[in-house]
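The numbering used here applies: residue 94 is where the sequence shown begins, and numbers increase by one. Ideal placement from N, C-alpha and C gives every residue a C-beta, glycine not left out. Note that the coordinates shown come from a computational prediction; the quantities given were computed from them, not determined experimentally. Quick notes on the structure that follows.
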Amino acid sequence: QICEGLELFSSSILRDNFFTVIDEKSCEKSLPLPLNRYLAADSRQNLKERMKHDDSYIRCYGKNDMYTGVHVSTKLWVGDYNNGDTFEDLAKASDGIERIAVLRADVDNLGQAFVSGFENDISGDKYVTLSRTASFSRKLSMFFKLHINNILANGEYYLCKDHEKGKRNATIVYSGGDDVFIIGSWDDIIGFSIDLYNSLKKYSQNTLTISAGIGIYPSKFPVSVMAREVGKLEDHSKAAPNKNSITLFNEESCYTWDCLIDNVLREKFELVREFFDASKERGKNFL
94 QICEGLELFS SSILRDNFFT VIDEKSCEKS LPLPLNRYLA ADSRQNLKER MKHDDSYIRC
154 YGKNDMYTGV HVSTKLWVGD YNNGDTFEDL AKASDGIERI AVLRADVDNL GQAFVSGFEN
214 DISGDKYVTL SRTASFSRKL SMFFKLHINN ILANGEYYLC KDHEKGKRNA TIVYSGGDDV
274 FIIGSWDDII GFSIDLYNSL KKYSQNTLTI SAGIGIYPSK FPVSVMAREV GKLEDHSKAA
334 PNKNSITLFN EESCYTWDCL IDNVLREKFE LVREFFDASK ERGKNFL
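As structure tokens, then:
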């Protein structure tokens, strides 16, 4: 019953913004909870009606917004960005070859940041307090659960300069804590990785770095295999001397972020793209 409930409820996590705890099952998609209670997904209007007229209503949780009220229990931050129903749709939305890409990334040296991130030579460990550590953890979690949705919805870096800026063709598989797992059109994933790097750099005032791996695949490739292979690419980036790196497609292509942006994408990729733009024969076989 719980497994079936999770399967039916999963689509509501992306679509709805309110999640209500009730005493009795109100619909087929209600998720069973302990103590004979259920979790139901609601729109804003449905929630208002439930609060007024449903005696089984206990409390609700708001998603990705600062909802407050007597019966609103807490705010939930969820990385739920989704712009593509299937992997085939994401592949077809790519520029050039129809492929999807997988990004896995996480913050470097996070344990060290928690242990000694507030220490300095002048004040020693004066500012190493429980409240600052809790605030740091909360803000980092908000970046990967909340702000990441905005980064994906407002793309900045694109491989093609004349590409219209806007929503990325991508879907968050997991994002929280200090790491992300995202699938999307191959060109959007590469562009988003640059946006993620720049955004974290700005958000942390250049005190945190991130390492990542990106793999490129046909749309029908098994997700479990993609996850495992890209995880190895991410580990390879973590093994770089100063971390703060990204590994593209295979372990031979590991770059620091600055090298990727300035030397690979801005210099070499632009040169190759200009060549193909000027060439009359640009088929996949030629590539």
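Exercise. What residues in its chain sit with their C-beta under 8 Å from that of Gly172, if we drop five residues either side in the sequence?
Worked result: Phe237, Lys238, Leu239, Ile241, Asn242, Ile265, Tyr267, Ser268, Gly269 and Val273
Exercise. Roughly how many whole angstroms lie between the Cα atoms of Leu326 and Ser228?
Worked result: 31 Å
Exercise. Which residues bound the alpha helix (DSSP H) around Ser140?
Worked result: The question names Ser, yet the displayed sequence has Leu at residue 140. Where Leu140 is concerned, the enclosing alpha helix (DSSP H) stretches over Arg137 to His146.
Exercise. Three or more beta-carbon pairs under 8 Å between the region 212 to 223 and the region 331 to 339, yes or no?
Worked result: no
Exercise. Is Gly308 helix, strand or coil by DSSP?
Worked result: strand
For this session: Note down the Cα distance separating Glu249 from Tyr296, rounded to an integer number of angstroms.
Result: 16 Å
Exercise. Buried or exposed: which applies to Gly204, given that a residue is buried once 16 or more other Cβ atoms fall within 10 Å of its Cβ?
Worked result: exposed
Problem set entry | Residue of Tyr131, Lys122 and Leu107 minimising C-alpha distance to Asp116 | Tyr131
For this session: Have a look at the DSSP bridge pairing and note the partners of Ile195.
Result: In the sequence as displayed, the identity of residue 195 is Val instead of Ile. According to DSSP, Val195 bridges with Ile276 and Gly308.
Problem set entry | Exposure label - Asp153; buried when at least 16 CB within 10 Å | Checking the displayed sequence, the identity of residue 153 turns out to be Cys instead of Asp. Classification of Cys153: buried, given that the 10 Å Cβ count is 16 or more.
Exercise. Between Ile282 and Asn129, what straight-line distance do the alpha-carbon atoms span, to the nearest angstrom?
Worked result: 43 Å
Exercise. Excluding the five sequence neighbours on either side, which residues of its own chain have a C-beta within less than 6 Å of the C-beta of Asp288, listed in chain order?
Worked result: Ile244, Glu249 and Tyr250
Exercise. What are the start and end residues of the alpha helix (DSSP H) that includes Phe207?
Worked result: Leu203 to Ser209
Exercise. Asn299: buried (16+ other C-beta within 10 angstroms of its C-beta) or exposed?
Worked result: exposed
Problem set entry | Endpoints, alpha helix (DSSP H) assigned at Thr226 | Leu223 to Met235
Problem set entry | Which listed residue (Leu233, Thr222 and Phe180) has its alpha carbon closest to that of Leu170 | The residue you asked about is not Leu; residue 170 is Trp in the sequence shown. When each option's Cα is compared against that of Trp170, the closest is Leu233.
For this session: Work out the CA separation of Asp109 and Glu100 for me, nearest whole Å.
Result: 15 Å
For this session: Assign Phe111 to one of three DSSP states: helix, strand, or coil.
Result: strand
Problem set entry | Inside the region 284 to 334 only - alpha helix (DSSP H) runs reaching at least 4 residues | 316 to 331
Problem set entry | The beta strand (DSSP E) enclosing Lys185, as first and last residue numbers | No beta strand (DSSP E) holds Lys185; the alpha helix (DSSP H) holding it covers Phe180 to Lys185.
Exercise. Who are the near neighbours of Tyr150 in its chain, counting only those whose CB is closer than 7 Å to its CB and skipping five residues on each side?
Worked result: Thr113, Ile115, Arg143 and Met144
Exercise. Can you tell me whether DSSP reads Gly98 as helix, strand or coil?
Worked result: helix
Exercise. In terms of DSSP beta bridges, what is Gly269 paired with?
Worked result: Asp272
For this session: Spatial neighbours of Lys258 within its chain, please: CB distance less than 8 Å, with the 5 preceding and 5 following residues excluded, ordered by chain position.
Result: Asn247, Gly248, Glu249 and Tyr251
For this session: Might you give, ordered along the chain, the residues of its own chain that have their beta carbon closer than 8 Å to the beta carbon of Leu126, omitting 5 neighbours on each side?
Result: Val114 and Leu132
Exercise. Around the Cβ of Tyr290, are there at least 16 other Cβ atoms within 10 angstroms (buried) or fewer (exposed)?
Worked result: buried
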